[in-house]
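Here is the structure we will look at, set down as structure tokens.
4 protein chains.
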Amino acid sequence: MPRFRNIAFVASDTEEAEAARATLAKRHGDVPPEQADVIVALGGDGLMLQTMHRHLKSRIPIYGMNRGSVGFLLNDYREDGLAERLESAETTVIHPLRMTAHDASGAQLLALAINEVSLFRQTYQAAKLRIAVDGTLRMDELICDGVLVSTPAGSTAYNLSAHGPIIPINTPLLALTPISPFRPRRWRGALLPNEAKVRIEVLEAAKRPVSAVADHTEFRDVLAVEVMEESGIDIFMMFDPGHTLAERILSEQFGY
Amino acid sequence: MPRFRNIAFVASDTEEAEAARATLAKRHGDVPPEQADVIVALGGDGLMLQTMHRHLKSRIPIYGMNRGSVGFLLNDYREDGLAERLESAETTVIHPLRMTAHDASGAQLLALAINEVSLFRQTYQAAKLRIAVDGTLRMDELICDGVLVSTPAGSTAYNLSAHGPIIPINTPLLALTPISPFRPRRWRGALLPNEAKVRIEVLEAAKRPVSAVADHTEFRDVLAVEVMEESGIDIFMMFDPGHTLAERILSEQFGY
Amino acid sequence: MPRFRNIAFVASDTEEAEAARATLAKRHGDVPPEQADVIVALGGDGLMLQTMHRHLKSRIPIYGMNRGSVGFLLNDYREDGLAERLESAETTVIHPLRMTAHDASGAQLLALAINEVSLFRQTYQAAKLRIAVDGTLRMDELICDGVLVSTPAGSTAYNLSAHGPIIPINTPLLALTPISPFRPRRWRGALLPNEAKVRIEVLEAAKRPVSAVADHTEFRDVLAVEVMEESGIDIFMMFDPGHTLAERILSEQFGY
Amino acid sequence: MPRFRNIAFVASDTEEAEAARATLAKRHGDVPPEQADVIVALGGDGLMLQTMHRHLKSRIPIYGMNRGSVGFLLNDYREDGLAERLESAETTVIHPLRMTAHDASGAQLLALAINEVSLFRQTYQAAKLRIAVDGTLRMDELICDGVLVSTPAGSTAYNLSAHGPIIPINTPLLALTPISPFRPRRWRGALLPNEAKVRIEVLEAAKRPVSAVADHTEFRDVLAVEVMEESGIDIFMMFDPGHTLAERILSEQFGY
Numbered sequence: 092m093p094r095f096r097n098i099a100f101v102a103s104d105t106e107e108a109e110a111a112r113a114t115l116a117k118r119h120g121d122v123p124p125e126q127a128d129v130i131v132a133l134g135g136d137g138l139m140l141q142t143m144h145r146h147l148k149s150r151i152p153i154y155g156m157n158r159g160s161v162g163f164l165l166n167d168y169r170e171d172g173l174a175e176r177l178e179s180a181e182t183t184v185i186h187p188l189r190m191t192a193h194d195a196s197g198a199q200l201l202a203l204a205i206n207e208v209s210l211f212r213q214t215y216q217a218a219k220l221r222i223a224v225d226g227t228l229r230m231d232e233l234i235c236d237g238v239l240v241s242t243p244a245g246s247t248a249y250n251l252s253a254h255g256p257i258i259p260i261n262t263p264l265l266a267l268t269p270i271s272p273f274r275p276r277r278w279r280g281a282l283l284p285n286e287a288k289v290r291i292e293v294l295e296a297a298k299r300p301v302s303a304v305a306d307h308t309e310f311r312d313v314l315a316v317e318v319m320e321e322s323g324i325d326i327f328m329m330f331d332p333g334h335t336l337a338e339r340i341l342s343e344q345f346g347y
Numbered sequence: 092m093p094r095f096r097n098i099a100f101v102a103s104d105t106e107e108a109e110a111a112r113a114t115l116a117k118r119h120g121d122v123p124p125e126q127a128d129v130i131v132a133l134g135g136d137g138l139m140l141q142t143m144h145r146h147l148k149s150r151i152p153i154y155g156m157n158r159g160s161v162g163f164l165l166n167d168y169r170e171d172g173l174a175e176r177l178e179s180a181e182t183t184v185i186h187p188l189r190m191t192a193h194d195a196s197g198a199q200l201l202a203l204a205i206n207e208v209s210l211f212r213q214t215y216q217a218a219k220l221r222i223a224v225d226g227t228l229r230m231d232e233l234i235c236d237g238v239l240v241s242t243p244a245g246s247t248a249y250n251l252s253a254h255g256p257i258i259p260i261n262t263p264l265l266a267l268t269p270i271s272p273f274r275p276r277r278w279r280g281a282l283l284p285n286e287a288k289v290r291i292e293v294l295e296a297a298k299r300p301v302s303a304v305a306d307h308t309e310f311r312d313v314l315a316v317e318v319m320e321e322s323g324i325d326i327f328m329m330f331d332p333g334h335t336l337a338e339r340i341l342s343e344q345f346g347y
Numbered sequence: 092m093p094r095f096r097n098i099a100f101v102a103s104d105t106e107e108a109e110a111a112r113a114t115l116a117k118r119h120g121d122v123p124p125e126q127a128d129v130i131v132a133l134g135g136d137g138l139m140l141q142t143m144h145r146h147l148k149s150r151i152p153i154y155g156m157n158r159g160s161v162g163f164l165l166n167d168y169r170e171d172g173l174a175e176r177l178e179s180a181e182t183t184v185i186h187p188l189r190m191t192a193h194d195a196s197g198a199q200l201l202a203l204a205i206n207e208v209s210l211f212r213q214t215y216q217a218a219k220l221r222i223a224v225d226g227t228l229r230m231d232e233l234i235c236d237g238v239l240v241s242t243p244a245g246s247t248a249y250n251l252s253a254h255g256p257i258i259p260i261n262t263p264l265l266a267l268t269p270i271s272p273f274r275p276r277r278w279r280g281a282l283l284p285n286e287a288k289v290r291i292e293v294l295e296a297a298k299r300p301v302s303a304v305a306d307h308t309e310f311r312d313v314l315a316v317e318v319m320e321e322s323g324i325d326i327f328m329m330f331d332p333g334h335t336l337a338e339r340i341l342s343e344q345f346g347y
Numbered sequence: 092m093p094r095f096r097n098i099a100f101v102a103s104d105t106e107e108a109e110a111a112r113a114t115l116a117k118r119h120g121d122v123p124p125e126q127a128d129v130i131v132a133l134g135g136d137g138l139m140l141q142t143m144h145r146h147l148k149s150r151i152p153i154y155g156m157n158r159g160s161v162g163f164l165l166n167d168y169r170e171d172g173l174a175e176r177l178e179s180a181e182t183t184v185i186h187p188l189r190m191t192a193h194d195a196s197g198a199q200l201l202a203l204a205i206n207e208v209s210l211f212r213q214t215y216q217a218a219k220l221r222i223a224v225d226g227t228l229r230m231d232e233l234i235c236d237g238v239l240v241s242t243p244a245g246s247t248a249y250n251l252s253a254h255g256p257i258i259p260i261n262t263p264l265l266a267l268t269p270i271s272p273f274r275p276r277r278w279r280g281a282l283l284p285n286e287a288k289v290r291i292e293v294l295e296a297a298k299r300p301v302s303a304v305a306d307h308t309e310f311r312d313v314l315a316v317e318v319m320e321e322s323g324i325d326i327f328m329m330f331d332p333g334h335t336l337a338e339r340i341l342s343e344q345f346g347y
């Protein structure tokens, strides 16, 4: 008796992805996500991230197949053998970040991030930030374009562009990485234990407005942001054996 | 007969700078800038940049004295001996960058920059840029936070934060430096001959809005930007012997 | 009844360290290391490393006090209160690396490293290396000055000089970091799971001789080197509360 | 009347290079270098460097054609049209570095370098160096694997591996770049005016032996090294139009 009998298909809105969805749904049926044993996502990394966000608390595993231009989080696309691939797939469990942003109105804005939470200047005025970790002030004034906190899964994304290190997927770490630090200008950031609670305050916020972004959710004009791993939420990603996310992140480190 | 008889004083609006201005004006007189042989600027690097911008085409030399928190471009402050210091000062000539930005309305926006011209994403969407140098396409798609072109004088400012190299002041070079490059993700930028003409096009500008900044002048929602050295404009900065800008930039490279 | 009744003191051969040893031995007695509950090391990081190497398999905890110029691994020196400080100290357990080097004579050379194992060119000829991780070839030709494998404890030492990342002390990772990579020239190295087995082969070894170093033990003209964590050996380092190695490595990341 | 009637061919000792030499010598004749208007070098960058070194003061231009694996300094190989290519080629003039090394015996060792002069530790003991520029002490103690001074032509070679910047070919600069700096550990080196005179002293030379290398000439156990551009020596390299060294170094900066 297969573990993954009821499949929900989702596809990005390209012709290629829609065609794949039609073909596969015809063969395997297509149930609503809430009745599914597994969600099969057809598209690129963008769709995969979006699908994980949509079903974040459902605990339904997600198996992606690459029908997009970038497919770091996805398995190769093949029309045949899907049932067998699902049965033999390996599951990687990851946790999102929980961002709590505070703005001038006193509002508290919540969002989850699978890749990273980033703060960023909104105008030409450099951001001036203060950073505490677990209640201890660690950086009393960082003048910069911004700063980000990345999960291991997100460490090959924006974090890497900002010159942060790639982190193996199952490592209990978060990367705290400055974006174009002006002062202290040679600060390279820090690797923090995954239970760290990071608090970032925006200094001179009126003159130097800053936005906060959790993956693709953006809040403008924030005054302070807290970031921590939400270990209570498990996200299950499925990969073909020999092509797990751990393997991808490892081999990404040997690419150049 | 002294070369610098008529002095115009400018000061930033701090108590300390204003007091210095009052004291020195009493001793040396204070003429309007257009009648001056030299402008003496009392404040920090911000005031110095602002003063150079205001008198960009006047060819009047500027001698700064540090009454601010950051004084990379400034001489030490001393109340006494100003006339002698002006006579013995050494002059560094620098040239600004000319930025021509184009927006969707067809408008052409001009601004000069002493430090750098930078392009930057306006929202969480990464910028997608195309870069040509002297009419030759050099980078057909750069996905990034932005990119900047820096003069030698500006190479210790934003350029350094973005991991660009420090350039000695009299070197005929410009630095082209990416800001958080995502793809190609390990691109470190380029040093270009100072006569290079750089053209940067914004791709998918509606989805990925980008602003262009010449020092502190910001244009939003640009479609393309051209940057070149404006060698027709000479800016004269005066420094005490042994403390020239060349010396400062050299010794800055040995700081850490 | 105190846990640490029998203390062995060791000191580096400076006047200051010897004097401290005499004073403390008079107060607390001084037993041979093999009869000790704790070894108290008086000197700098060099002595601390040497003491750990000397008593690597003894499982006797080591408490260092700084009587040298560099004391990253050491507690502050104070003459008074040693017994109380030992009782309240926190223990960090670390594991060394095991290096197995092979040379042209067929000999197999073993050494343990607390900080790092490094390979390095012996002449002006660049090293040409091949790297496999867990039996999988990851880099078939690295032309470079050398390469190193670092523990978290060693990540702030040579690894950092070679532009590798700082790793929090209790993280199950090793850093594999190239030294001046010439080809692929922008390779930044990799963070590996701590159970990884790294094998490095020296190519064209006659023309391009390479030495292998485990901390301070150097073997010349090696042909291949294997490196792995020796999880069977526990090294116990003691630190005053609030000044643990974890805290030091964390705060080191915020220094600049 | 052609400028380049008398051609001397040199080839590296591979079958392919020797065959090319035989073919071309049959067509164009082959005179001894001292009677030649131009030397045509057939091989890789190694041969090109060697040929420049051999004829360093001859002022005979050198035109390389790529019959090797790496050909950054070379033109494409074609059997036909050599006379026409020589007539239309553009000439780049570069200058070597002059290294003066001093050893314990009091000997003074001279060598010229086209790419770079580097100092390097000979054993596992880190080098301890002191650096002065134009008689001014700039770095009183650099603990490191070594340090190098590179010409613009050499800036894409070892300098780049050591994380130094690429310098456009006609820029009057030298790069001073540390190799694995341990203290100050985040020092990134400096760009110096090409007339700079760099003096590097080896501290604690008995405990920490250091070698000095000018391109491929190595001196062991040096105590001090002086490096300066030898502007009195012109080296003439010939390139096909549109493929000059300036263009190559420019486009190298856009590779990744």
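Chains as they are written, first to last, in this note's numbering: chain A, 92 to 347; chain B, 92 to 347; chain C, 92 to 347; chain D, 92 to 347. A virtual CB, placed ideally from N, CA and C, is assigned to each residue, including glycine.
| Query | Result |
| --- | --- |
| Contact set between F345(A) and chain C, taken where Cβ atoms lie within less than 7 Å | R229, M230, A281 |
| Helix, strand or coil at Q199(D) according to DSSP, with G and I counted as helix | strand |
| Neighbouring residues, chain A, relative to I258(C) (Cβ below 7 Å) | L282 |
| Beta-carbon proximity list for E295(B), same chain, < 8 Å, skipping 5 on both sides | K219 |
| Best match in E320(C), A305(C), L336(C), R94(C) for proximity to L200(C) [C-alpha to C-alpha] | A305(C) |
| Coil, strand or helix - H144(A) by DSSP | helix |
| Residue-chain proximity (N261(B), chain D), Cβ-Cβ < 9 Å | yes |
| Residue span of the beta strand (DSSP E) that contains A266(C), given as start and end | 264–270 |
| T114(B) (DSSP reduced to helix, strand or coil) | helix |
| Distance between beta carbons of P256(A) and L282(C), contact taken as under 8 Å | 6 Å |
| Classification of G410(A) by the beta-carbon crowding that lies within 10 angstroms, buried from 16 upward | This structure leaves residue 410(A) out entirely; chain A is present only between 92 and 347. |
| Inter-stretch contact (C-beta, 8 Å, three-pair minimum) for the segment 321–336 of chain D and the segment 263–275 of chain D | no |
| N-terminal and C-terminal residue of the alpha helix (DSSP H) that Y71(B) is part of | No statement about residue 71(B) is possible, as the shown extent of chain B runs from 92 to 347 and does not include it. |
| Buried versus exposed, by CB contacts within 10 Å (16 or more), V224(A) | buried |
| Between the CA atoms of R339(B) and T247(D) - distance to the nearest angstrom | 27 Å |
| Where the alpha helix (DSSP H) through A337(D) begins and ends | 336–345 |
| Beta-carbon proximity of R212(C) to E292(C), cut-off 9 Å | no |
| Neighbourhood of Y168(D) by C-beta, 8 Å cutoff - its chain only, sequence neighbours within 5 removed | A111, L133, M156, N157, R158 |
| Residue-chain proximity (E295(D), chain C), Cβ-Cβ < 9 Å | no |
| Beta-carbon contacts of A127(D) that lie in its chain and below 7 Å, excluding the five residues immediately before and after | N97, I98, A99, I151 |
| Short-range partners of chain B found in the segment 159–174 of chain D, where Cβ spacing is below 7 Å | none |
| Chain B residues whose Cβ lies nearer than 9 Å to that of F273(A) | A248, Y249, L251, S252 |
| Contacts that H186(D) makes with chain C (C-beta to C-beta distance below 8 Å) | The premise fails here: H186(D) is roughly 22 Å from chain C at the closest Cβ pair, so nothing lies under 8 Å. |
| Candidates G197(C), E178(C), L336(C), L251(C): closest to L314(C) by CA position | G197(C) |
| Beta-bridge partners of P234(C), as assigned by DSSP | Correcting the residue identity first, residue 234(C) is Ile in this sequence and not Pro. Partner(s): K219(C), R274(C). |
| Opposing strand residues paired with N157(C) [DSSP bridges] | G134(C) |
| For F163(B) and A195(A), the rounded distance between their alpha carbons | 35 Å |
| Contact with chain C by V238(D), beta-carbon distance below 9 Å | no |
| Proximity test, Cβ basis, 9 Å: V313(C) and chain D | no |
| Residue-level contact to chain A via CB, S241(C), 9 Å cutoff | no |
| Minimum C-alpha distance to V316(C) - residue among V208(C), A180(C), T114(C) | V208(C) |
| Closer than 9 Å to chain C by CB, Q213(D) | yes |
| Cutoff 9 Å: V224(C) Cβ touching any chain A Cβ | yes |
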